[in-house]
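Let me begin by presenting the structure, written as structure tokens, before commenting on it.
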Amino acid sequence: MNGHPLRISGDAATTLIVIPARMQATRLPNKPMADIHGTPMIVHVWRRALAAGCGRVIVATDSADIASAIHAAGGDAIMTSADHPSGSDRIFEAVSIADPNRSASIIVNVQGDLPTLDPNLVSACVAPLANAATDIATLAALITEAGERTNPNVVKVVGSPIGHDHLRALYFTRATAPFGDGPLYHHIGIYAYRRQALERFVALPPSPLEVREKLEQLRALEANMRIDVAIVDTVPLGVDTPADLDRARRLLSI
1 MNGHPLRISG DAATTLIVIP ARMQATRLPN KPMADIHGTP MIVHVWRRAL AAGCGRVIVA
61 TDSADIASAI HAAGGDAIMT SADHPSGSDR IFEAVSIADP NRSASIIVNV QGDLPTLDPN
121 LVSACVAPLA NAATDIATLA ALITEAGERT NPNVVKVVGS PIGHDHLRAL YFTRATAPFG
181 DGPLYHHIGI YAYRRQALER FVALPPSPLE VREKLEQLRA LEANMRIDVA IVDTVPLGVD
241 TPADLDRARR LLSI
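Residue numbers (the numbering used here): 1 to 254.
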């Protein structure tokens, strides 16, 4: 990470890391169970999240195959409804089941298609919650490849600098923004929620900008929830296609 990391809020006893995983991906069928050197991809992600040392890690899924793979690896999987419209809703159900006594005050959402995830990114994502005014924290990295500036699949975060490698998010967009000279930031879809913020978020209806941009985090901004962003220097590979899977296999063979 660039510079000095922010102070981490909370500790392992009060942080719950949840990895939502389902089988319905169309571009890469049965994606979480894709084989990477003899191990399902979801197990690679679980191991990376565990290596962060930030708290208990659970996989939230509606698939018995995914749950069995995690259990076989020695992990914790929670079966959830197959009807959830988003990963956030799946996470909320899993948290309610896994932590009914509400011991966890911080919930981290790690996507299940990040087998090359740097474990340090998990703690980096939690760090902005050191500020009590922050509801949700996430990550971004400086865009250095020209093609990413105009690629709608690369989500950009527009924010105001409020410290070293630290932004307060104003907007997220698939467009090239902000206009003019200056850095653009590639949003990384890992989130750390205060538990109350997650509860509020999943109770909100989809917002107009969320629907227009197809970006769930805009629902929080439209509801005046505060999202802070830690700037990091690595973007984990998200596996969405067979080509991505081949690249992950190469990276993990090094």
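Note that beta-carbon positions come from the ideal geometry of N, C-alpha and C, so glycine has one too.
Because the structure is a prediction, the values reported are computed rather than measured.
Ala69 sits close to Val43, with the two beta carbons spaced by under 7 Å.
It is roughly 27 Å from the alpha-carbon of Leu142 to the alpha-carbon of Ala197. The residue among His187, Asn224, Leu204 and Leu245 with its C-alpha nearest the C-alpha of Val235 is His187. Taking a contact to require three or more Cβ pairs closer than 8 Å, the region 44-56 and the region 11-29 qualify as touching. The closest CA to that of Ser253, considering only Tyr185, Pro115, Arg226 and Pro183, is found on Pro115. Scanning the region 149-222 from its first residue to its last, the whole alpha helix (DSSP H) runs of 4-plus residues come out as 195-203, 208-213 and 217-222. Taking the CA atoms as reference points, Gly180 sits about 14 Å from Gly159. Per DSSP, Thr80 has no beta-bridge partner at all. Counting the other Cβ atoms within 10 Å of the Cβ of Arg212 gives fewer than 16, which makes it exposed. Separation of Arg195 and Thr150 (C-alpha to C-alpha, rounded to the nearest whole angstrom) is 35 Å.
With contacts defined as CB atoms closer than 7 Å, Ala130 and Asp228 fail to qualify as a contacting pair. Nearest to Ala169 by C-alpha distance, out of Leu139, Gly147 and Leu245, is Leu139. Per DSSP, reduced to three states, the secondary structure at Asp35 is strand. With a cutoff of 7 Å on beta-carbon distance, Gly87 and Ile19 are scored as not near each other.
Where Ala60 is concerned, there is no enclosing alpha helix (DSSP H), although the beta strand (DSSP E) around it starts and stops at Arg56 to Thr61.
From the listed residues Ile58, Gly238 and Ala203, the smallest Cα separation to Ala104 is found for Ile58. For Tyr193 and Asn153, the gap between their C-alpha atoms comes out near 24 Å. Around the beta carbon of Gln217, a 10 Å sphere encloses 16 or more other beta carbons of the protein chains shown; the residue is thus reported as buried. Rounded to the nearest angstrom, the gap between the Cα atoms of Ser123 and Pro29 is 31 Å. A check of alpha carbon separations from Arg90 across His166, Arg22 and Arg174 identifies Arg22 as the nearest.
In this structure, the straight-line span from the alpha carbon of Ala177 to that of Leu167 is close to 15 Å.
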